[in-house]
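The opening position of the sequence shown corresponds to residue 899 in this note's numbering, with each subsequent residue numbered one higher. Beta carbons: idealized from backbone N, C-alpha and C, even for Gly. Remember, predicted model here, so these are calculated numbers, not experimental data.
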Amino acid sequence: MTKRQESARLKRAGTAADKVELAVTGLSCANCALNVEKALRKRPGVLEANVNLATAKATVLYDPAIVSRTDLVQAIRAAGYGVAAVAAGPGAQADEDYRELRGSVIWGGILAVVIFLGSMRHWFPWMPGLLQNFFVLWALATPVQFYLGARFYRAAWSALKHGTANMNTLVAVGTSAAYFFSVAATVLPGFFREAAKKAGSAQLGPQVYFDTSAVIIVLILFGRMLEARAKGKTSDAIRRLMGLRPRTARVVDAGGERDVPIEEVRPGDVLVVRPGEKVPVDGVIVEGRSSIDESMITGESLPVDKGPGQEVVGATLNKWGTFRFRAVRVGEDTALARIIRLVEEAQGSKAPIQRLADAIASRFVPAVIVIAVLTFLGWVLFGPEPRLVFALLNFVAVLIIACPCAMGLATPTAIMVGTGRGAERGILIRSGESLETVHKVDTFVFDKTGTLTNGRPEVTDVLAAPWIDQATLMALAASVENGSEHPLGQAVVRRAKAESAEIAAAADFRALEGLGVEGVTGGRRVVVGSARLLEAAGIDVSGSAPAAERLAAEGKTVACVAIDGRLAGLFALADTLKPNAREAIDRLRRAGLGVVMLTGDNAQTARALAAAAGIEDVRAEVLPGDKAAVIRGLQAEGRRVAMVGDGINDAPALAQADVGLALGTGTDVAMASADITLISGDLEKVVAAVELSRRTIRTIRQNLFWAFVYNVVGIPLAAGALYPFFGVLLNPMIASAAMALSSVSVVTNSLRLRRAKI
899 MTKRQESARL KRAGTAADKV ELAVTGLSCA NCALNVEKAL RKRPGVLEAN VNLATAKATV
959 LYDPAIVSRT DLVQAIRAAG YGVAAVAAGP GAQADEDYRE LRGSVIWGGI LAVVIFLGSM
1019 RHWFPWMPGL LQNFFVLWAL ATPVQFYLGA RFYRAAWSAL KHGTANMNTL VAVGTSAAYF
1079 FSVAATVLPG FFREAAKKAG SAQLGPQVYF DTSAVIIVLI LFGRMLEARA KGKTSDAIRR
1139 LMGLRPRTAR VVDAGGERDV PIEEVRPGDV LVVRPGEKVP VDGVIVEGRS SIDESMITGE
1199 SLPVDKGPGQ EVVGATLNKW GTFRFRAVRV GEDTALARII RLVEEAQGSK APIQRLADAI
1259 ASRFVPAVIV IAVLTFLGWV LFGPEPRLVF ALLNFVAVLI IACPCAMGLA TPTAIMVGTG
1319 RGAERGILIR SGESLETVHK VDTFVFDKTG TLTNGRPEVT DVLAAPWIDQ ATLMALAASV
1379 ENGSEHPLGQ AVVRRAKAES AEIAAAADFR ALEGLGVEGV TGGRRVVVGS ARLLEAAGID
1439 VSGSAPAAER LAAEGKTVAC VAIDGRLAGL FALADTLKPN AREAIDRLRR AGLGVVMLTG
1499 DNAQTARALA AAAGIEDVRA EVLPGDKAAV IRGLQAEGRR VAMVGDGIND APALAQADVG
1559 LALGTGTDVA MASADITLIS GDLEKVVAAV ELSRRTIRTI RQNLFWAFVY NVVGIPLAAG
1619 ALYPFFGVLL NPMIASAAMA LSSVSVVTNS LRLRRAKI
């Protein structure tokens, strides 16, 4: 049964596949990751397996009815790798590896330097004669070769048992060749002297290369140490997010207030937060007001004022007020926990561009071994004297310089840093594939209500009759509307408060369903509603007809205001554009991207708002269920489409699009259907997501280019391609240093994304 058939069977049976994340030990190159993936995928019941070299984690999707977690662990161990008992936190494994490698590099480096100085007696004649003795050098080199180098032998043997080869194979074979050649020269010096005498060349006399094998091992470990340190930095984003979690919460119960561990908070508990404290969990304010710094969630620097009935998010910082709130989501259900989970999944995923590196890496090591053997034979058969020495050195240099570490790290490190940087800016990217796809998009489709607009009506125009001033008109209308729960009435009240109008109490208040409201305030009877309501009350509204028609043509809702039986003015209300919507749309268009607005509103209203946003392509009067069909239509035209939405009715369209971007201010359903979640409703984040994707993919391409170029150029140099023309050979020690630095350069280039301005 194929993996696709297994997946289909699960769906038919209604069985949910399980996902597990395993911390794999012993990974050192791209081939190692591929070997583990192959071992896992061979197991029946495994639907998908992905191993990330940068995080050293295997993510496995499997059918628990066929295969267990224990079976997966056994598959990894059978492939020659280990599984950590408990998955370490973000960067923790890298930190542990760094400390271990640092110790090995320090004492191994001391031995390597001593061996090097003793071996180069023609350069350092002042070294004690004891250190120039071959047997002493052999004794110093042996612990480096077989204690520090044991990891290479173990991994190479495991790979050999499974018919594969990896970087460890190259290191083990190359350094062993130098080491055992030197042992032979130490134990059988007469053989080499006799060969030199017969050939008439002193160069064929006994020579040792203990320094070569020792320095190579230490340099490779030094490179891995730098990689481990850099890998730890790539996880800083998650580590900082985890560090934001409060450890305690102050619960209010019958006994008063008491501090409890955050793990003991349950939904429904009432908690109190004082100034300067972090909100412990997600919930809704029941008493008090405050200003809350939500920058760690939204990326926005300005605090947000909150009051009763409004939601608060765990780990955000309370600035000045004291309030009580009821816990709604706790533990792994909080917004912060979900963000961390999304970022971890994204950092552990692969982008499609990595398939090229994987395909090359799977064939790379066997090809390198063949090239190294041919190099050895070529120098032995056709090289100048001393042929065996030249053949050995070039053989080792080819094996060492060809290690495909940089190739394996090129993609995952960039994805880790890119998704981490996105999380810091309030852009949650579900996977590496989503991150890569965004930069390929050529058309952005925006839902109107709640996405381009604020999602609620606002007063846009106030037209007062000649006999009354605007401030008085606004104050009287708001005093009556203050008793209404209708969105249009609340919009009038918000506008009045924004203009510091005095809102008084209203007597004899009546809400007339579908028509408007009326009441008495300040001794004056005020009616606010449709023209039909005023006409029914015998009030002449004919004088306002031209202005009302003009406002209606702009897609606005018109409300009439009458005071003491006389028309006093008009209010125009509309769902207004978000403050930065026009700027965001303009930036997308300047980048050469098409922009489409999708709405269920009538064409006239839709065109008016689209014009204000700078959008020319408008799809109006689209039913909620038809939004996905519009996306399919655009895709049928050959476009790559990104959908930006926030509501439940946007979920099918978000899923249909090549990339779905959901505003975090919307529903959980929309966010679950999207590839990217923008935690705030700021549309600038859409542009930032595009820029982040482009920069990340650019970084990956740079990494892959230099990794490929390094090997394409390095292998011929190591094989001695320049020797016939310039007499230049690549010393194996230089090759090992170059190999280590190539991996470090790839990781360092990826880390530049942490400073990207998006």
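{"Check": "Cβ pair Val1424, Glu1433 closer than 8 angstroms", "Outcome": "no"}
{"Check": "Within 8 angstroms, strictly: CB atoms of Ala1551 and Val1339", "Outcome": "no"}
{"Check": "Continuous beta strand (DSSP E) stretch holding Ala1466: start and end", "Outcome": "1464-1475"}
{"Check": "Integer-rounded CB distance, given that Pro1178 should sit under 8 angstroms from Pro1144", "Outcome": "5 angstroms"}
{"Check": "Beta strand (DSSP E) segment containing Leu1169, residue limits", "Outcome": "1168-1171"}
{"Check": "Straight-line gap, Thr1455 to Arg1538 (C-alpha atoms, nearest Å)", "Outcome": "36 angstroms"}
{"Check": "As assigned by DSSP and simplified to three states, the class of Ala986", "Outcome": "Residue confidence is low: Ala986 scores 49 on pLDDT, short of 50, so the model does not pin down where it sits. No coordinate-derived value is stated."}
{"Check": "Three-state secondary structure (DSSP) of Val1296", "Outcome": "helix"}
{"Check": "One or two residues paired with Met1541 in a DSSP bridge", "Outcome": "Val1343, Gly1558"}
{"Check": "Residues sharing a beta bridge with Val1159, DSSP", "Outcome": "Sequence inspection shows Pro at residue 1159; the Val mentioned does not correspond to that position. Beta-bridge pairing links Pro1159 to Thr1146."}
{"Check": "Beta-carbon separation (whole angstroms), Phe1032 vs Val1106, contact threshold 8 angstroms", "Outcome": "5 angstroms"}
{"Check": "Neighbourhood of Leu1471 by C-beta, 6 angstroms cutoff - its chain only, sequence neighbours within 5 removed", "Outcome": "Pro1355, Val1357, Leu1386, Ala1389, Thr1455"}
{"Check": "Alpha-carbon spacing of Thr891 relative to Ala1048, whole angstroms", "Outcome": "Within the shown structure, residues of the chain are numbered from 899 to 1656, placing residue 891 beyond reach of any answer."}
{"Check": "Leu1639, DSSP secondary structure in three states", "Outcome": "helix"}
{"Check": "Contacting residues, own chain, Cβ-Cβ under 7 angstroms from Val1226 (five flanking each side not counted)", "Outcome": "Pro1165, Asp1180, Gly1181, Val1182"}
{"Check": "DSSP bridge partner residues for Pro1355 (one or two, in chain order)", "Outcome": "Asp1473"}
{"Check": "Cβ neighbour criterion (16 or more within 10 Å) applied to Leu1102", "Outcome": "Because the pLDDT at Leu1102 is just 49, under 50, the model does not fix this residue reliably, and the value given afterwards should be weighed accordingly. Answer is buried; the Cβ neighbour count reaches 16."}
{"Check": "DSSP state of Phe1223 mapped onto helix, strand, coil", "Outcome": "strand"}
{"Check": "Three-state class that DSSP yields for Phe1078 in the structure shown", "Outcome": "helix"}
{"Check": "At least 3 beta-carbon pairs within less than 8 angstroms: the stretch 915-928 vs the stretch 955-974", "Outcome": "yes"}
{"Check": "Which of helix, strand or coil DSSP assigns to Arg1408", "Outcome": "strand"}
{"Check": "Status (buried if at least 16 other CB within 10 Å, exposed otherwise) for Thr900", "Outcome": "With a pLDDT of 43 at Thr900, under the threshold of 50, the modelled position of this residue cannot be trusted; read the value that follows with caution. So Thr900 counts as exposed."}
{"Check": "Inter-stretch contact (C-beta, 8 angstroms, three-pair minimum) for the stretch 1466-1480 and the stretch 1358-1365", "Outcome": "yes"}
{"Check": "First and last residue of the uninterrupted beta strand (DSSP E) at Met1025", "Outcome": "Counting along the chain, Met1025 falls outside any beta strand (DSSP E), and DSSP gives it neither H nor E."}
{"Check": "Touch test, the stretch 1435-1444 against the stretch 1322-1339, Cβ-Cβ under 8 angstroms, three pairs minimum", "Outcome": "no"}
{"Check": "Range of the contiguous beta strand (DSSP E) that encloses Ala1435", "Outcome": "Neither: Ala1435 is in no beta strand (DSSP E) and is coded neither H nor E."}
{"Check": "Spatial neighbours of Gly1007 in its chain, beta-carbon cut-off 8 angstroms, leaving aside the 5 residues before and after", "Outcome": "Val1116, Phe1120"}
{"Check": "The stretch 1578-1595 in contact with the stretch 1363-1382 per 3-pair CB rule at 8 angstroms", "Outcome": "no"}
{"Check": "The stretch 962-978 contacting the stretch 1051-1062, beta-carbon criterion three pairs below 8 angstroms", "Outcome": "yes"}
{"Check": "Whole-angstrom distance between Ile1013 and Trp1024, CA atom to CA atom", "Outcome": "14 angstroms"}
{"Check": "Close beta carbons around Ala1572, own chain, < 7 angstroms, minus the five adjacent residues each side", "Outcome": "Leu1552, Gly1558, Leu1559, Ala1560"}
{"Check": "The stretch 1284-1304 touching the stretch 1329-1349, judged by at least three CB pairs closer than 8 angstroms", "Outcome": "no"}
{"Check": "Pairwise C-alpha distance: Arg967 and Ala1308", "Outcome": "30 angstroms"}
{"Check": "Of the listed residues Leu945, Val1645, Tyr996, Arg1652, nearest to Met1305 (C-alpha basis)", "Outcome": "Val1645"}
{"Check": "Proximity of Pro1173 and Gly1212 at Cβ, strictly below 8 angstroms", "Outcome": "no"}
{"Check": "Alpha carbon of Leu1009 to alpha carbon of Met1018, nearest angstrom", "Outcome": "14 angstroms"}
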